[in-house]
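Each number in the working numbering corresponds to the 1-based position in the sequence shown with 1073 added.
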Amino acid sequence: MASLRSTNDFVQLLQKEGELHVISDLVDPYLELAEIQRRVVAKKGPALLFTNVKGTKFPVATNLYGSEKRIHLAFGPKPVQTIARLAKLAKEMFPPRLSKLWKERSLGLLPFQVGLKQVRRAPILQGSVSRVEELPQLVSWPKDGGPFVTLPLVYTEHPESGNGNLGMYRVQLFGEKTVGMHIQIHRGGGFHYYEAEKQGQALQAHVYIGGPPALTIAAVAPLPEEIPELVFASFLMGEKLRMKRDKLVSPYPIVADADFALIGTIPPKLRRPEGPFGDHYGYYSLLHDYPYLDLNHILHRKDAIWAATVVGRPPQEDHYIAEFLQDLLSPMFPLVMPQVLGVWAYEESGVHSLAAAIVKERYFREAFMGALRILGEGQLSLTKCLLVTNERVNLKNFSETFRVITERCDPKTDFFIFSNISQDTLDYTSGTVNKGSKLLWMGITDPNKPSPNPNLPTQFNGRFKDKRFQNPKVFLPGVLVVKGSEFQPNDRLAEALLSEDLGHFSYVFLVDDSEDAVKTDSDFIWTMFTRMEPASDVYARTETIRNHISYQIPIVFDCRMKPWIPEVLIPLPETVKLVEERFGKWIDTL
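Okay, structure coming up:
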């Protein structure tokens, strides 16, 4: 399969494969386009090409990665197969044997296929515009602070070492030649800006849109810092990534085949308000002061297509990207973290709110050491709640995994909360940006000990004394979900729930709508883990033994909405009505 070098290449392939729908009607990028995308994603529909977008000459492509088939069309099976072979080879090659080397001899060609190469001519230099207002002004949610680039590929270099980083940090189009940079300190680009600002220097930055699909995947891949994202993109493409050097445009090399490139500098010690923005957690992230990028050049190729997505309550289009990356990189986890056999981050939680892992337990508490290794590894370190077992469960199946955890967890010794630590910037559950806590929840099988929870209840037959509790629902054996009254500061409702007769249920989740919360695994994950901060929302009777907090069941989790958690994303009724009137009949056929 020939490499895809641009959004146009990808769009043509999708059209050939019957995976693209072209919308030539005039569409407003303010809310309407995003609502069309959401409706199509909900129906598991095709990629979309909007050729007549109000206010811009550029077409817009969305939902490019919104199915397993389209991911496969973009990359094929080779990257997954190659990484699996590399991981297997790394484990088996000691001691090295000629027969093994010969069997995997094709892998020796990788260094000649992967990397960067300089080219004389670059499509990205074919055109330019003078103001960001000429670009598609996509506004996805009613309370967004303005138009955003929703698939921005931000490239920066360390001011001293020159090591590059490609990351996806949202970019707000402020106007003229200025864009906002939601560049977080937890990420590579944030480290680069921190170092440049410490020296009083501006940081050069490129924001790419489109180009090789591999570039988009590389930007969001949870790679170790030592692996350059541009090289990883080359690996996904199966050929070297074409770069162009032009010192009159930028001191950095430029991705030759990008559809768009916004090139400029981020000044030190200067900020301006950025946001709000409806993000992939399903809530608004709020208005905060962030750095901004002063643009020197706004470049585009002749056949440029503006690649975009719409994020919101999971699952959305990015669900398929997250699953592909986890399947792709999972064979490498045991090499980087030898005690870890597998990790799965649940995209339904916004990715960082919940993950699960299978770890080894060859000696007492080896699993605990493996868990700490996960919580210290790259983007996995942003995980808020980590479930850990040594059982060979299907981590993708949340109910199966969670059931094993609850059956095998002894809260007296296997339930840990770490408070006063960093938390993902987009997670507001602690009430303080970037600060929060983590929950480590272990369910380890010990063949020398009986299960701590052999007979978990499957029915709740009790009655609540407190009328504020209603509509109890059993999610899994031993796991109860209870509707409570609306959160009020200091209402102590979770503590009151502890005093009720909970019928031997070990884990009880207090929510605003129990009926909705237990409909599916996805509903349970999103409701519980995006509205709960371990240090402030977990309640149980405890005692301190050898400076360890020992929890007694039942444990109550307060997963109600709190005043400091931003609003849930809801489209305007008039936008929903407009899209239904204009495109509803077609969408219903999907």
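Just so you know, even glycine gets a beta-carbon here, dropped at the ideal spot from N, CA and C.
Kindly list the residues whose CB is nearer than 6 Å to the CB of Phe1489, restricted to its own chain and excluding five residues on each side of it in sequence; keep chain order.
Taking the first residue of the sequence shown as position 1, residue 1489 is located at position 416. The answer, listed in chain order, is Leu1513.
If you reduce the DSSP assignment to three classes, tell me which class Tyr1281 lands in.
Taking the sequence shown and counting its residues from 1, one reaches residue 1281 at position 208. Three-state result, Tyr1281: strand.
Which residue from Asp1101, Asn1493, Leu1455 and Leu1093 puts its Cα closest to that of Val1652?
Position 579 of the sequence shown, counted from the first residue, corresponds to residue 1652. Selected option, being the one with the closest Cα: Asp1101.
Along the chain, which unbroken stretches of the alpha helix (DSSP H) at least 4 residues long are found entirely within the stretch 1552 to 1623?
1566 to 1571, 1587 to 1590, 1594 to 1602 and 1607 to 1610
Quick check on Trp1637: does DSSP put it in helix, strand or coil?
As a working note, residue 1637 is residue 564 in the sequence shown. Of the three classes helix, strand and coil, the one that applies to Trp1637 here is coil, per DSSP.
Could you check if Leu1174 is buried or exposed, using at least 16 other CB atoms within 10 Å of its CB as the buried criterion?
As a first step, residue 1174 is located in the sequence shown; it is residue number 101 there, counting from the start. The predicted position of Leu1174 is uncertain, since its pLDDT is 41 and thus under 50; no value can be drawn from it.
Between the Cα of Leu1663 and those of Arg1465, Arg1194, Ile1371 and Leu1093, spot the shortest distance and give me the residue it belongs to.
Here residue 1663 refers to the residue found at position 590 of the sequence shown. Checked all of Arg1465, Arg1194, Ile1371 and Leu1093; the closest Cα to Leu1663 is Leu1093.
According to DSSP, is Gln1191 part of a helix, a strand, or is it coil?
Mapped onto the sequence shown, residue 1191 falls at position 118. Gln1191 falls in the strand class under three-state DSSP.
Does the pairing of the stretch 1642 to 1661 with the stretch 1209 to 1218 give three or more beta-carbon distances under 8 Å?
yes
Taking the straight line between their C-alpha atoms, what separation do you get for His1392 and Glu1420?
Along the sequence shown, one-based indexing puts residue 1392 at 319. Along the sequence shown, one-based indexing puts residue 1420 at 347. So the alpha carbons of these two residues sit roughly 6 Å apart.
DSSP has Trp1417 in a bridge; who is on the other side?
In the sequence shown, counting from the first residue as 1, residue 1417 sits at position 344. Looking at the DSSP assignment, Trp1417 forms a beta bridge with Ala1429.
Could you tell me which of Gly1283, Glu1573, Asn1544 and Tyr1357 sits nearest to Thr1080, measuring between CA atoms?
Indexing the sequence shown from 1 puts residue 1080 at position 7. With distances taken between Cα atoms, Thr1080 lies closest to Gly1283.
Would Phe1704 pass as a contact of Phe1221 if the rule is Cβ separation under 8 Å?
Because the chain is modelled from 1074 through 1663, residue 1704 falls outside the range shown and cannot be assessed.
Is Glu1347 helix, strand or coil by DSSP?
Position 274 of the sequence shown, counted from the first residue, corresponds to residue 1347. Glu1347: strand per DSSP, three-state reduction.
Starting from Glu1653, trace the alpha helix (DSSP H) both ways and give me its first and last residue.
In the sequence shown, the residue the question calls residue 1653 occupies position 580. Looking at the DSSP string, the run of the alpha helix (DSSP H) that includes Glu1653 is Pro1646 to Asp1661.
Can you say whether Ser1203 is buried or exposed, counting buried as having 16 or more other CB atoms within 10 angstroms of its CB?
Working through the sequence shown from its first residue, we reach residue 1203 at position 130. So Ser1203 ends up on the exposed side.
Tell me whether Glu1568 is buried or exposed, calling it buried when 16 or more other Cβ atoms sit within 10 Å of its Cβ.
As a working note, residue 1568 is residue 495 in the sequence shown. Glu1568 sits exposed, since fewer than 16 C-beta atoms from the chains shown fall within 10 Å of its C-beta.
Can you tell me whether DSSP reads Pro1209 as helix, strand or coil?
Counting from 1 along the sequence shown, the entry for residue 1209 is found at position 136. Coil, per DSSP.
Could you check what DSSP says for Ser1097 in three-state terms: helix, strand or coil?
Counted from its first residue, the sequence shown places residue 1097 at position 24. Ser1097 falls in the coil class under three-state DSSP.
How big is the Cα-Cα spacing for Gly1237 and Ile1447?
Stepping through the sequence shown from its first residue, residue 1237 is reached at position 164. Stepping through the sequence shown from its first residue, residue 1447 is reached at position 374. Spanning the two alpha carbons is a distance of roughly 24 Å.
Between His1231 and Ala1269, what straight-line distance do the alpha-carbon atoms span, to the nearest angstrom?
Against the sequence shown, residue 1231 aligns to sequence position 158. Against the sequence shown, residue 1269 aligns to sequence position 196. Approximately 8 Å, taken between the alpha carbons.
What did DSSP end up calling Thr1352 once you bin it into helix, strand or coil?
As a position in the sequence shown, residue 1352 is number 279, starting the count at 1. Residue identity check: residue 1352 is Asp in the sequence provided, not Thr. Asp1352 falls in the coil class under three-state DSSP.
Given that a residue counts as buried once 16 or more other Cβ atoms are within 10 Å of its Cβ, and exposed if not, what is Ile1109?
Residue 1109 sits at position 36 when you count from the first residue of the sequence shown. Counting of Cβ neighbours within 10 angstroms places Ile1109 among the buried residues, the total reaching 16 or more.
If you measure between the beta carbons of Arg1633 and Arg1604, is that distance less than 8 Å?
For the purposes of this step, residue 1633 is taken as the residue at position 560 of the sequence shown. For the purposes of this step, residue 1604 is taken as the residue at position 531 of the sequence shown. Contact annotation: Arg1633 and Arg1604 have beta-carbon atoms nearer than 8 Å.
To the nearest angstrom, how far is the alpha carbon of Leu1570 from that of Val1629?
Stepping through the sequence shown from its first residue, residue 1570 is reached at position 497. Stepping through the sequence shown from its first residue, residue 1629 is reached at position 556. Approximately 8 Å, taken between the alpha carbons.
Excluding the 5 residues flanking Ser1201 on each side, which residues of the same chain have their C-beta closer than 8 Å to its C-beta?
To locate residue 1201, count along the sequence shown from 1; it is residue 128. Cβ neighbours of Ser1201 beyond the five flanking positions: His1370, Ile1371, Leu1372 and His1373.
Are Gly1557 and Val1584 touching if we call contact CB-CB under 8 Å?
As a working mapping, residue 1557 is identified with position 484 in the sequence shown. As a working mapping, residue 1584 is identified with position 511 in the sequence shown. Yes, the Cβ-Cβ distance between Gly1557 and Val1584 is below 8 Å.
So, is Glu1090 buried or exposed, given that buried needs 16 or more other C-beta atoms within 10 angstroms?
For the purposes of this step, residue 1090 is taken as the residue at position 17 of the sequence shown. Glu1090 should be labelled exposed.
State the CB to CB distance for the pair Glu1422 and Phe1602, rounded to an integer number of angstroms; the pair is presumed to be in contact (CB under 8 Å).
Taking the first residue of the sequence shown as 1, we reach residue 1422 at position 349. Taking the first residue of the sequence shown as 1, we reach residue 1602 at position 529. Before going further, note that residue 1422 is Ser rather than Glu in the sequence given. Their Cβ separation, rounded to whole angstroms, is 4 Å, which keeps Ser1422 and Phe1602 in contact under 8 Å.
Suppose you measure from the CA of Pro1562 to the CA of Gly1348; what does that come to, to the nearest Å?
The count along the sequence shown starts at 1 and reaches residue 1562 at position 489. The count along the sequence shown starts at 1 and reaches residue 1348 at position 275. Near 27 Å, if we compare the C-alpha coordinates of Gly1348 and Pro1562.
Can you give me the C-alpha to C-alpha distance between Ser1307 and Lys1658, rounded to a whole angstrom?
To locate residue 1307, count along the sequence shown from 1; it is residue 234. To locate residue 1658, count along the sequence shown from 1; it is residue 585. Approximately 41 Å between the Cα atoms of the pair.
Taking only three categories from DSSP, how would you classify Asn1369?
Start at 1 with the first residue of the sequence shown, and residue 1369 comes out as number 296. Three-state DSSP puts Asn1369 in a strand.
Does Met1241 come out as helix, strand or coil in the three-state DSSP assignment?
Translated into positions along the sequence shown, residue 1241 becomes position 168. Met1241 falls in the coil class under three-state DSSP.
Look at the Cβ atom of Thr1456, then the Cβ atom of Ala1418, and state whether they are nearer than 8 Å.
Within the sequence shown, the letter at position 383 stands for residue 1456. Within the sequence shown, the letter at position 345 stands for residue 1418. For Thr1456 and Ala1418, yes; Cβs fall inside 8 Å.
Is it true that the CB of Asp1594 sits closer than 8 Å to the CB of Phe1491?
The residue given as residue 1491 occupies position 418 in the sequence shown. The residue given as residue 1594 occupies position 521 in the sequence shown. For Phe1491 and Asp1594, no; Cβs fall outside 8 Å.
Taking the alpha carbon of Ile1096 as the point to measure from, which residue in Ser1076, Ala1331, Leu1087 and Thr1124 has its own alpha carbon closest?
Sequence index remark: in the sequence shown, residue 1096 carries index 23 (1-based). Taking only the C-alpha atoms, the option nearest Ile1096 is Thr1124.
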